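Chemist: Chains as they are written, first to last, in numbering that gives the first Met the number 0: chain A, 0 to 370; chain B, 0 to 326.
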Amino acid sequence: MPRKTLEIPLSVEHLSILDEKGKVDKNLEPKIPKDRLLRLHRMMKQGRAFDQRMLSLQRQGRIGTFPPVSGQEASQLGIVAAMDPEDWMVPAFREMTAELWRGRSMESILISANGFNEGADAEDGEGPATDFPVSVPVGSQMLHAVGIAWGIQYRKSDRVVATFFGDGATSEGDFHEAMNFAGVWRLPVLFVCQNNQWAISIPRKDQTRSETLAQKAIAYGFPGIQVDGNDVLAVYAAAVEAVDRARKGEGPTLIECVTYRMSVHTTADDPKRYRTDEEVDAWKKKDPVERFEKYLLSKKHLTKKKIASLEEDIEGEIKEAVKRAEEKMGTIGDPLEMFDHLYAELSPRLKQQRDALERELSELQEDSNHG
Amino acid sequence: MAKMTMVQALNLALRQEMERDDRVIVLGEDVGVDGGVFRITDGLHEAFGRQRVLDTPLAEAGIVGMSVGMAAYGLRPVCEIQFSGFIYQAFHQIENHAARLRWRSRGRFTVPMVLRAPYGGGVRALEHHSESREAYWAHTPGLKMVMPSGPRNARALLVSAIRDPDPVIFYEAKALYRAYREEVPEDEETLPIGESQIVREGDDVTMISYGAMVRPTLEAAEDLSQSDGIEAEVVDLLTLSPLDDEKFSRSVKKTGHAVIVHEAPGSFGPGAEILSRLAEKSFFYLEEPVLRITGFDIVIPLFAREKAYIPDARRIAHQTRKMMKRG
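1) May I ask you to verify whether the region 225–237 of chain B touches the region 279–294 of chain B, counting CB pairs closer than 8 Å and requiring at least 3?
2) Could you tell me how far apart the beta carbons of residue 137(B) and residue 100(B) are, in whole angstroms, since I believe they sit closer than 8 Å?
3) Where residue 261(A) and residue 108(A) are concerned, what is the direct C-alpha to C-alpha distance, given to the nearest angstrom?
4) From the DSSP output, which residues share a beta bridge with residue 252(A)?
5) What residues are listed by DSSP as bridge partners for residue 194(A)?
6) If you follow the beta strand (DSSP E) that residue 240(B) is part of, which residue opens it and which one closes it?
7) Within the 9 Å Cβ cut-off, does residue 50(B) reach chain A?
8) Measuring only the C-alpha atoms, how far is residue 276(A) from residue 35(A)?
9) Strictly under 9 Å for the Cβ-Cβ distance: is residue 105(B) near chain A by that measure?
10) Cα separation between residue 75(B) and residue 290(A)?
11) With respect to the beta strand (DSSP E) encompassing residue 408(A), which residues constitute its N-terminal and C-terminal limits?
12) With a threshold of 6 Å on Cβ separation, who are the neighbours of residue 282(A) within its own chain once the five nearest residues in sequence on each side are excluded?
13) At the level of alpha carbons, what is the spacing between residue 222(A) and residue 252(A)?
14) From residue 14(A) to residue 233(A), what distance separates their C-alpha atoms?
15) CB-CB under 7 Å to residue 19(A), same chain, minus the five flanking residues each way: which ones, in chain order?
16) Three-state secondary structure (DSSP) at residue 53(B)?
17) For residue 323(B) and residue 148(B), I'd like the C-alpha separation in whole angstroms.
18) Should residue 66(B) be labelled buried (16 or more other beta-carbon atoms within 10 Å of its own) or exposed?
19) Comparing the C-beta of residue 359(A) with each C-beta of chain B, is any distance below 9 Å?
20) Quick one: using the 10 Å Cβ neighbour count with 16 as the cut-off for buried, is residue 319(B) buried or exposed?
21) Can you check whether the CB of residue 137(A) is closer than 9 Å to the CB of residue 112(A)?
22) Quickly, what does DSSP pair residue 116(B) with across the bridge? List them, please.
23) Between 42(A), 187(A), 9(A), which has its C-alpha nearest residue 231(A)'s C-alpha?
24) Thinking C-beta only, is residue 165(A) closer than 9 Å to residue 91(A)?
25) Enumerate in chain order the residues of its own chain whose CB-to-CB distance from residue 66(A) is below 6 Å, with the five nearest sequence positions on each side excluded.
26) Can you tell me whether DSSP reads residue 13(A) as helix, strand or coil?
27) For residue 290(B), which beta-bridge partners are listed by DSSP?
28) Does residue 229(A) pass the burial test, meaning 16 or more other C-beta atoms within 10 Å, or should it be called exposed?
29) Using DSSP's beta-bridge definition, name the partner residues of residue 79(B).
30) Taking the C-alpha atoms as reference points, what is the distance between residue 8(B) and residue 129(A)?
31) So residue 317(A) and residue 47(A) are supposed to be a Cβ contact under 8 Å. How far apart are they, rounded?
32) Would you call the region 156–167 of chain B and the region 287–306 of chain B touching, i.e. three or more CB-CB distances under 8 Å?
33) Assuming residue 183(A) is part of the alpha helix (DSSP H), what are its boundary residues?
34) Which residues share a DSSP beta bridge with residue 365(A)?
35) State the DSSP-derived secondary structure class of residue 208(B), mapped to helix, strand or coil.
36) Looking at the unbroken alpha helix (DSSP H) that takes in residue 223(A), where does it start and where does it end?
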């Protein structure tokens with residue numbers, strides 16, 4: 000038999016709608032109602048301002064280590080804006096703006112960032128019932144999205160699942176297993192890769208020889224698209240298509256959002272060890288928030304004055320959230336509660352351990368009272 | 000009551016739970032059309048269809064990670080890892096997620112899944128098909144670790160595991176799959192997870208075991224009784240985590256002698272924890288140091304030598320007899 004070339008789909012689209020100067024491609028501009036555009040803008044501003052406030056709180060020792068989100072707001076908000084609240088979100092650990100959009104409160108994020116499990120509590124229906132908590136081991140959460148999507152398909156529901164991960168995660172086995180499983184059963188999943196160029200110190204080019212990350216979908220038999228991840232209109236447009244495909248039972252989509260982590264990996268990281276200021280400055284010119292703001296100004300949806308007053312409102316809300324979080328943290332922290340929520344019911348051994356700790360703590364307290 | 004092998008008894012448990020609850024989904028490699036390489040899921044595919052008995056691509060992390068998502072969605076996945084020697088490709092999904100999602104989400108999401116896997120030697124299999132690494136899972140907070148010892152308790156425990164609100168690792172001794180038949184009632188039967196059973200009464204020595212080692216331990220107990228008049232009390236743990244330490248501690252208070260038998264390597268193995276509980280609860284009643292008869296701290300040999308590795312009735316009786324003669 001001779002050698003021959005097999006025809007398989009080998010192209011990947013790149014989508015960009017709003018350029019760096021805020022100029023829109025009229026032919027591609029998605030029709031988004033004004034109130035939704037303004038909400039997107041507000042969440043972008045809030046995400047950015049809250050991120051910066053958290054950074055300063057961390058530097059003051061008022062919260063622990065956290066992974067800043069600055070630069071990736073459009074990649075996250077463009078996706079969740081295309082979903083219904085009843086759809087499912089399975090985040091990694093740097094999706095704070097997406098979580099805010101979906102209804103997680105700033106105080107719960109602060110409480111988590113202070114090492115209290117209570118940050119994961121859903122506050123009186125405010126927390127989204129279909130959103131997974133953050134997942135730290137890279138790429139591992141993608142398979143949970145697959146399991147949820149399988150359940151959705153089994154129950155003949157029209158919900159979809161979006162799972163977030165980064166460029167580094169595409170090297171993990173779980174990424175490939177999740178993509179493969181979702182492809183086999185045509186599951187309603189949006190695989191959202193935030194290619195922020197850096198996996199701590201490893202640049203995107205050293206992560207994989209592939210030209211794009213989006214093309215990895217081809218091997219699993221479903222579409223992948225690369226979008227300008229700092230262009231919220233492009234991310235939104237790609238997400239709308241992917242959600243539509245998923246709801247119609249046409250299966251998963253991989254969306255590669257090309258973006259940039261403008262800040263540190265986590266507050267324990269020093270990016271000066273591995274990347275240049277020139278690179279960071281070049282990406283600052285592509286800032287997703289400024290770009291979107293220019294677009295809204297040109298559409299006359301916003302004025303400079305409105306932006307200033309919005310910024311003031313957000314500052315006030317953040318201040319309130321920090322206050323509420325600090326008040327709440329003053330009322331929690333009973334060490335005995337560390338035994339909670341591991342099992343539906345504590346085993347006799349665990350009860351013994353908890354009781355022994357309780358006794359010991361009170362004995363130690365007595366010792367120090369007498370000392 | 001019908002006499003069943005452990006394979007048939009496990010199949011009965013799955014079939015009845017699937018009939019009872021449409022949230023129960025069986026998934027894994029070759030569990031569908033093929034009925035599983037050990038035929039545990041035989042006939043389920045025909046009875047319930049491919050949506051309830053799901054043949055997955057060949058990826059262990061995928062199977063377990065997906066099960067976590069299914070469970071959180073509100074299903075009751077029962078996944079099979081074809082041999083426990085391949086479970087390590089899913090280790091992170093078990094440790095990082097199955098065991099912790101309830102904790103991480105403060106009870107908002109739970110993981111009522113069962114992970115079934117055949118373990119242990121004795122069937123002349125290839126490398127990676129004969130290990131006993133139950134200690135990993137017994138050591139992991141957030142999991143339950145169940146190890147039945149025969150057809151009837153395997154069926155009853157599997158039903159309980161499927162109905163349990165938390166993730167259960169369910170290790171099935173492949174040496175027992177077709178070793179013998181036992182009466183198994185057609186009517187529903189469950190056993191509480193976390194409770195051991197005294198399967199032979201005696202006043203002279205307490206023998207503690209689980210899984211495939213219960214049979215040779217009982218055989219050794221009979222031998223000791225007949226040839227030496229030593230009456231052993233045998234405790235079948237059934238669950239390793241949470242460990243029921245009441246029954247064996249009480250038994251040792253009566254007998255003053257303890258023997259622990261397992262197939263897993265001794266160092267840091269389940270026997271080490273059992274011995275530690277005995278030291279806490281029955282120390283002053285012990286007349287002799289506790290004897291552990293276990294696998295050696297080596298990789299289980301390929302099958303030409305596995306008989307010399309796995310404790311059998313003769314070795315168990317021999318070592319117990321020596322201990323009892325010293326006393």
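For each residue, glycine too, the CB sits at the ideal point set by N, CA and C. Since this is a predicted model, take the numbers as computed values, not measurements.
Modeler: Let me lay it out:
1) Inter-segment contact for the region 225–237 of chain B and the region 279–294 of chain B is absent: fewer than three beta-carbon pairs are separated by less than 8 Å.
2) Not a contact, Cβ separation roughly 19 Å.
3) The alpha-carbon atoms of residue 261(A) and residue 108(A) are separated by roughly 20 Å.
4) Note: residue 252(A) sits in a beta bridge opposite 189(A).
5) In DSSP, residue 194(A) forms a bridge with 257(A).
6) It spans 238–240 - the beta strand (DSSP E) in which residue 240(B) sits, taken as one unbroken run.
7) Chain A places a beta carbon closer than 9 Å to that of residue 50(B), counting this residue as a contact.
8) If I take the Cα positions, the gap works out to 35 Å.
9) Yes, residue 105(B) lies at the interface with chain A (some Cβ there is under 9 Å from its Cβ).
10) Cα to Cα, residue 75(B) sits roughly 47 Å from residue 290(A).
11) Here chain A covers residues 0 to 370 and nothing more, so residue 408(A) does not appear.
12) Closer than 6 Å at the Cβ level, and outside the excluded window around residue 282(A), lie 259.
13) So the two alpha carbons sit approximately 5 Å from each other.
14) Each residue's Cα considered, the two are about 6 Å apart.
15) Exclusion of the five residues before and after residue 19(A) leaves 284, 285, 290 as the residues of its chain whose Cβ lies within less than 7 Å of its Cβ.
16) Under the three-state reduction of DSSP output, residue 53(B) falls in the strand class.
17) Computed Cα separation, rounded: 26 Å.
18) Classification for residue 66(B): buried.
19) The C-beta of residue 359(A) comes no closer than 9 Å to any C-beta of chain B.
20) Buried, by the Cβ-count rule.
21) No.
22) DSSP output for residue 116(B) lists 170(B) as bridge partner(s).
23) It is 42(A) whose Cα lies nearest to the Cα of residue 231(A).
24) For the 9 Å CB-CB criterion, residue 91(A) and residue 165(A) form a contact.
25) Closer than 6 Å at Cβ, skipping near neighbours: 92, 93, 265.
26) Residue state for residue 13(A) is assigned as strand, using DSSP reduced to three classes.
27) Residue 290(B) is bridged to 258(B).
28) Classification for residue 229(A): buried.
29) Answer by DSSP bridge pairing, in chain order: 27(B), 115(B).
30) C-alpha of residue 8(B) to C-alpha of residue 129(A): approximately 37 Å in a straight line.
31) About 11 Å separates the Cβ atoms of residue 317(A) and residue 47(A), ruling out a contact at the 8 Å cut-off.
32) Contact between the region 156–167 of chain B and the region 287–306 of chain B is absent: fewer than 3 CB-CB pairs across the two stretches fall below 8 Å.
33) Where residue 183(A) is concerned, the enclosing alpha helix (DSSP H) stretches over 172–183.
34) For residue 365(A), DSSP records no beta bridge to any residue.
35) Secondary structure at residue 208(B): strand, using DSSP grouped into helix, strand and coil.
36) Per DSSP, residue 223(A) is not a residue of any alpha helix (DSSP H); the beta strand (DSSP E) it occupies stretches across 223–227.
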